[in-house]
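A.B. asks: Everything in the sequence shown is counted per full-length UniProt numbering, starting at 1 for the first residue and increasing by one. One structure follows; several queries about it will come next.
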Amino acid sequence: MSDQPQAAPLPALSAEDQKHYDDLLRWLDLKLDPGDDAGADEDEPPRKRRKCNSSTWEEDSAPYDAIRAARYFKRAIHAHLIISLIFSYGAQAVWTDKTISAQEQRAPYVAAFKEFLRRVPELDRVLRHMYASSKRHWRGFVEKFDELAKDVRSNDTTAIKAITGTLLLPNPEKDVLDPPISGRVAKSDRGFGHPILRLLLMGVPDRMCFVPTHYRSRPAPAEDLRTEEQRARETEIMRLIATHQYTRHQQQYPSFLYADDSFTEDDPRIGLCRGDFVIRLLRHVWTTPRSALRGLGGKSLPPDSNARIQEAEKVTAPMVGYVVSQGYVALLPGDWDKVDDKDSLYDRILDLFASSPLWAKRTLKFLTKEVFGDSTRVQDGNDEENRDDASPEQNHVARMAELARLEREAAAAGDDDDDED
Numbered sequence: 001m002s003d004q005p006q007a008a009p010l011p012a013l014s015a016e017d018q019k020h021y022d023d024l025l026r027w028l029d030l031k032l033d034p035g036d037d038a039g040a041d042e043d044e045p046p047r048k049r050r051k052c053n054s055s056t057w058e059e060d061s062a063p064y065d066a067i068r069a070a071r072y073f074k075r076a077i078h079a080h081l082i083i084s085l086i087f088s089y090g091a092q093a094v095w096t097d098k099t100i101s102a103q104e105q106r107a108p109y110v111a112a113f114k115e116f117l118r119r120v121p122e123l124d125r126v127l128r129h130m131y132a133s134s135k136r137h138w139r140g141f142v143e144k145f146d147e148l149a150k151d152v153r154s155n156d157t158t159a160i161k162a163i164t165g166t167l168l169l170p171n172p173e174k175d176v177l178d179p180p181i182s183g184r185v186a187k188s189d190r191g192f193g194h195p196i197l198r199l200l201l202m203g204v205p206d207r208m209c210f211v212p213t214h215y216r217s218r219p220a221p222a223e224d225l226r227t228e229e230q231r232a233r234e235t236e237i238m239r240l241i242a243t244h245q246y247t248r249h250q251q252q253y254p255s256f257l258y259a260d261d262s263f264t265e266d267d268p269r270i271g272l273c274r275g276d277f278v279i280r281l282l283r284h285v286w287t288t289p290r291s292a293l294r295g296l297g298g299k300s301l302p303p304d305s306n307a308r309i310q311e312a313e314k315v316t317a318p319m320v321g322y323v324v325s326q327g328y329v330a331l332l333p334g335d336w337d338k339v340d341d342k343d344s345l346y347d348r349i350l351d352l353f354a355s356s357p358l359w360a361k362r363t364l365k366f367l368t369k370e371v372f373g374d375s376t377r378v379q380d381g382n383d384e385e386n387r388d389d390a391s392p393e394q395n396h397v398a399r400m401a402e403l404a405r406l407e408r409e410a411a412a413a414g415d416d417d418d419d420e421d
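Here's what the structure looks like:
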């Protein structure tokens with residue numbers, strides 16, 4: 001007998017909600033056989049029926065809404081939390097035991113479930129009824145939703161891996177990636193063994209020890225301005241890479257997150273999450289792959305874009321975390337499940353947006369314009385106002401934490417004068 005709190009008895013569904021319920025069962029291939037008792041299926045595993053093509057569902061149907069939410073979930077609600085736990089903790093907290101929301105370890109799962117319900121308000125009563133009346137139907141729905149959401153994430157990984165080389169080039173019409181990388185996920189020509197990809201995976205302090213990457217459209221600098229310490233560090237890094245011992249400092253972000261030449265020890269947030277690769281990945285996912293390089297060019301969202309289908313009008317922190325994780329995986333060998341530290345990178349991105357409200361507001365505004373606005377790249381010089389007059393500190397991690405604290409205090413005091421990008 002499950003110790004899960006039980007929902008209070010529910011009134012009968014309306015005719016419209018009952019139709020939604022029946023449509024979901026047909027979509028799940030879980031329609032009860034004639035003569036089945038409503039309560040006789042409770043502890044039985046979901047029984048598969050003939051496949052029902054999800055593409056045939058009308059836009060105002062319950063399955064269509066569920067499919068749309070599944071396609072949105074990993075991309076914009078949470079990329080890696082286990083969906084079965086989200087639906088378990090979330091359903092309990094929202095429908096049966098509200099004290100769960102206060103439990104710190106379960107709070108992220110409950111928050112994700114509440115965001116899911118906000119995406120499908122017309123299914124709230126139907127899913128609540130399903131949760132309370134049939135364990136088999138509820139389990140079948142969660143498993144189907146989980147499968148779809150993972151498929152979307154996996155398909156994104158495959159698609160992004162296939163065009164990584166193009167998305168990285170400053171000007172794909174003129175430039176080439178040397179050596180080239182295969183578009184196939186399983187190939188091992190990525191990672192720290194690749195002379196360009198290794199620089200993108202490093203933190204900026206280590207990347208600055210190397211001669212800047214150059215292309216036909218971006219010539220090499222006329223003079224090597226590196227210090228002797230940086231040259232020595234480059235030699236040490238290459239030794240560590242050759243012996244498979246090199247790791248990026250866990251508190252540093254991969255350098256591909258930064259806009260070119262924007263990093264400063266004074267404030268490591270300047271230029272962070274504004275790199276071309278990040279912007280192109282956001283466009284690839286939300287405004288169609290064909291607009292990834294140049295943007296929409298002032299045109300409206302294509303009907304087949306995820307942004308149009310999901311009615312997404314702004315870039316959010318989870319969207320950024322998702323494409324950063326996908327971009328990180330794309331630079332390494334293997335698929336999503338074989339890259340261990342992508343989840344911690346995703347969590348750090350979300351934590352950064354949550355802890356630095358002014359920086360987050362400006363960054364999301366900038367990214368929204370780059371993704372959903374015209375294709376002309378905005379040169380934003382207003383990052384200067386994020387600088388601090390204190391002397392530079394060597395520990396940029398401590399510097400970032402201190403700036404975030406000051407920013408939170410300013411926000412709490414109402415000092416949120418943000419009329420510019």
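Just so you know, even glycine gets a beta-carbon here, dropped at the ideal spot from N, CA and C.
Excluding the five sequence neighbours on either side, which residues of its own chain have a C-beta within less than 8 Å of the C-beta of T157, listed in chain order?
C.D. replies: Walking along the sequence shown from the start, residue 157 turns up at place 157. Answer for T157: V185, Q326, V329, A330, D335 and W336, listed in chain order.
A.B. asks: Helix, strand or coil for G203? Go by DSSP, reduced to three states.
C.D. replies: Start at 1 with the first residue of the sequence shown, and residue 203 comes out as number 203. DSSP places G203 in strand when its eight states are reduced to three.
A.B. asks: Out of L350, M319 and K314, which has the shortest C-alpha to C-alpha gap to K369?
C.D. replies: The residue you call residue 369 lines up with position 369 of the sequence shown. Answer by Cα proximity: K314.
A.B. asks: Residues in the same chain with beta-carbon distance under 6 Å from R66, minus the five sequence neighbours each way, listed in chain order, please.
C.D. replies: As a first step, residue 66 is located in the sequence shown; it is residue number 66 there, counting from the start. This sequence places Ala at residue 66; Arg is not what is there. Correct list: empty, nothing qualifies.
A.B. asks: Name the one or two DSSP bridge partners that Q272 has.
C.D. replies: The residue given as residue 272 occupies position 272 in the sequence shown. Looking at the sequence shown, residue 272 is not Gln but Leu. Its beta-bridge partners are Y258.
A.B. asks: Please list, in chain order, all residues of the same chain as F277 whose beta carbon is under 7 Å from its beta carbon, the five residues on each side excluded.
C.D. replies: Here the question's residue 277 lines up with position 277 in the sequence shown. Taken in chain order, the residues that qualify are L167, L168, F256 and G327.
A.B. asks: Among G295, F87 and D22, which has the Cα closest to the Cα of V126?
C.D. replies: Taking the sequence shown and counting its residues from 1, the one referred to as residue 126 is at position 126. Of G295, F87 and D22, the residue nearest in Cα terms is D22.
A.B. asks: Could you say which of D60, L200, Y346 and R106 lies nearest to R248 if we only look at CA atoms?
C.D. replies: For this step, residue 248 is matched to residue 248 along the sequence shown. Checking every option, the nearest Cα to that of R248 belongs to L200.
A.B. asks: Take residue 435 and list the residues in its own chain whose beta-carbon comes closer than 7 Å to its own, dropping the five residues that flank it on each side.
C.D. replies: The structure shown has nothing for residue 435, since the chain only spans 1 to 421.
A.B. asks: Starting from the Cα of K365, find the closest Cα among D351, D347, D340 and A317 and give me that residue.
C.D. replies: If you number the sequence shown from 1, residue 365 lands on position 365. Looking at the Cα atoms, A317 is the closest of the given residues.
A.B. asks: Using a Cβ-Cβ cut-off of 6 Å (strictly less than) and excluding sequence neighbours within five positions of D383, which residues of its own chain qualify?
C.D. replies: On the sequence shown, position 383 is the one that residue 383 refers to. Note on D383: pLDDT 41, under 50, position unreliable in the model; no value is reported.
A.B. asks: What residue range does the alpha helix (DSSP H) around G327 cover?
C.D. replies: As a first step, residue 327 is located in the sequence shown; it is residue number 327 there, counting from the start. Where G327 is concerned, the enclosing alpha helix (DSSP H) stretches over A317 to A330.
A.B. asks: Across the segment 258 to 268 and the segment 286 to 297, are there enough close Cβ pairs to call them in contact, namely three or more that are closer than 8 Å?
C.D. replies: At 8 Å Cβ cutoff, the stretches do not touch.
A.B. asks: Thinking just about the alpha-carbon of each residue, which of R68, Q18 and P221 is nearest to the one in S133?
C.D. replies: Here residue 133 is taken as the residue at index 133 of the sequence shown, counted from 1. For the residues R68, Q18 and P221, the minimum Cα distance to S133 belongs to Q18.
A.B. asks: Residues bridged to Y215 by DSSP?
C.D. replies: Reading the sequence shown from its first residue, position 215 is the one you call residue 215. Answer is R218.
A.B. asks: Could you tell me the distance, in whole angstroms, from the CA atom of D36 to the CA atom of K144?
C.D. replies: As a working note, residue 36 is residue 36 in the sequence shown. As a working note, residue 144 is residue 144 in the sequence shown. Note that D36 has pLDDT 41, beneath the 50 cutoff, so the model's placement of it is unreliable and the number below is only indicative. Going by the C-alpha atoms only, they are around 22 Å apart.
A.B. asks: Work out the CA separation of G191 and L197 for me, nearest whole Å.
C.D. replies: In the sequence shown, counting from the first residue as 1, residue 197 sits at position 197. In the sequence shown, counting from the first residue as 1, residue 191 sits at position 191. Cα to Cα, the separation comes out at about 6 Å.
A.B. asks: When you compare only the Cα positions, how much space is there between T243 and P195?
C.D. replies: Within the sequence shown, numbered from 1, the residue matching residue 243 stands at position 243. Within the sequence shown, numbered from 1, the residue matching residue 195 stands at position 195. Distance between the alpha carbons of T243 and P195 is about 15 Å.
A.B. asks: Just verifying my parser: in three-state terms, what is the DSSP assignment at W57?
C.D. replies: Translated into positions along the sequence shown, residue 57 becomes position 57. Correct three-state label for W57: coil.
A.B. asks: Going residue by residue through the segment 216 to 253, where are the continuous alpha helix (DSSP H) segments of at least 4 residues, counting only ones entirely within it?
C.D. replies: Listed in chain order, they are 228 to 242.
A.B. asks: In its own chain, which residues sit with a C-beta less than 7 Å from the C-beta of P221, not counting the 5 before and 5 after it?
C.D. replies: Sequence index remark: in the sequence shown, residue 221 carries index 221 (1-based). Excluding residues within five positions, the ones whose Cβ falls inside 7 Å are P212.
A.B. asks: Grab me the residues of D131's own chain with a C-beta within less than 7 Å of its C-beta, minus the 5 sequence neighbours each way, in chain order.
C.D. replies: To locate residue 131, count along the sequence shown from 1; it is residue 131. A small fix is needed here, since residue 131 is Tyr in this sequence, not Asp. Same-chain partners within the cutoff: A7, A91, W95 and W138.
A.B. asks: Three-state secondary structure (DSSP) at R166?
C.D. replies: As a position in the sequence shown, residue 166 is number 166, starting the count at 1. In the sequence as presented, Arg is not what sits at residue 166; that position holds Thr. Three-state result, T166: helix.
A.B. asks: Under a Cβ-count criterion, where at least 16 other Cβ atoms within 10 Å of its own Cβ denotes burial, should N306 be classed as buried or exposed?
C.D. replies: Residue 306 sits at position 306 when you count from the first residue of the sequence shown. It counts as buried.
A.B. asks: Rounded to the nearest angstrom, what separates R280 and S14 at their Cα positions?
C.D. replies: Translated into positions along the sequence shown, residue 280 becomes position 280. Translated into positions along the sequence shown, residue 14 becomes position 14. Cα to Cα, R280 sits roughly 45 Å from S14.
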